[in-house]
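Peer 1:
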């Protein structure tokens with residue numbers, strides 16, 4: 439089995455949009471291969487959202 443990553447002209451945003459777009463792309467590529475990694479990224483995102491909500495509430 440050979441794993442492939444296909445990058446199209448549409449993916450030029452990876453270069454022009456900045457580091458957040460690149461991180462999301464890399465996370466999605468790794469998540470296709472490693473489901474545990476994907477779940478951890480999802481869990482981390484939820485925790486950050488909850489943390490930010492609490493910070494806004496108290497400050």
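In this note's numbering, the protein residues as written are 439 to 497.
Ideal Cβ placement from N, Cα and C applies to all residues, glycine included.
1. State the Cα-Cα distance for the pair residue 486 and residue 442, rounded to the nearest angstrom.
2. Go through the segment 452-487 residue by residue and report every complete run of the beta strand (DSSP E) that reaches 3 residues or more, in order.
3. I need the DSSP call for residue 497, collapsed to helix, strand or coil.
4. Taking the C-alpha atoms as reference points, what is the distance between residue 475 and residue 458?
Peer 2: Put simply:
1. 31 Å
2. none
3. coil
4. 18 Å
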